[in-house]
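Reading through the structure tokens given below for one structure.
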Amino acid sequence: MPLVVEAQPISDMLFRLEITTDGTVIGEYERSRHADIARKTDEVNCAADYLVELYSRRGMFVVRWDSATRTKVVRDELGNHIGEIPRACWRKPARQTNSPQSTA
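Residues 0 to 103 (numbering that gives the first Met the number 0) make up the sequence shown, in order.
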């Protein structure tokens, strides 16, 4: 089931990343700077099956970074922790990939 990520501006620097499938909004991914939209879209696509499965069981969700646990937490509309984005799907932030010291 293909997911579509639409970046919607919420301020001069931040975008809301709305996730849809077949025209239905199923969730929102981490808020993002323009430079990180492609990376986070890639993360959503990597976790697509997992996110669709969570939506089918729990309804709409939001994904946010949890600095205390250093994880990308998936929460339902009531704020309940219902899952986490697998680390295998995480991509490096733009500030790290554009560094001249980064390696391939």
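The C-beta atom is built at its ideal place from N, Cα and C for all residues, glycine as well. Just so you know, these numbers come straight off a predicted model, no measurement behind them.
Residue from 92, 94 and 68 whose Cα sits closest to the Cα of residue 82: 68
Could you compute how far the alpha carbon of residue 15 sits from the alpha carbon of residue 56? Going by the C-alpha atoms only, they are around 23 Å apart.
For residue 9, does the count of other Cβ atoms within 10 angstroms reach 16, so buried, or fall short, so exposed? exposed
For the candidate residues 41, 24, 35 and 13, whose alpha-carbon lies nearest to that of residue 76? 24
Would you mind listing the alpha helix (DSSP H) stretches within the segment 8 to 79 that are 4+ residues and don't spill past its ends, in chain order? 36 to 45 and 47 to 57
Please determine, among 4, 11, 45 and 13, the residue with the shortest C-alpha to C-alpha distance to residue 22. 4
Cβ-Cβ distance between residue 43 and residue 50 below 8 Å: yes
So, under 8 Å CB-CB, residue 72 and residue 28 are touching, yes? Tell me the CB distance rounded to an integer number of Å. 12 Å between Cβ atoms; not a contact.
Candidates 35, 80 and 78: which alpha carbon is nearest residue 89's? 35
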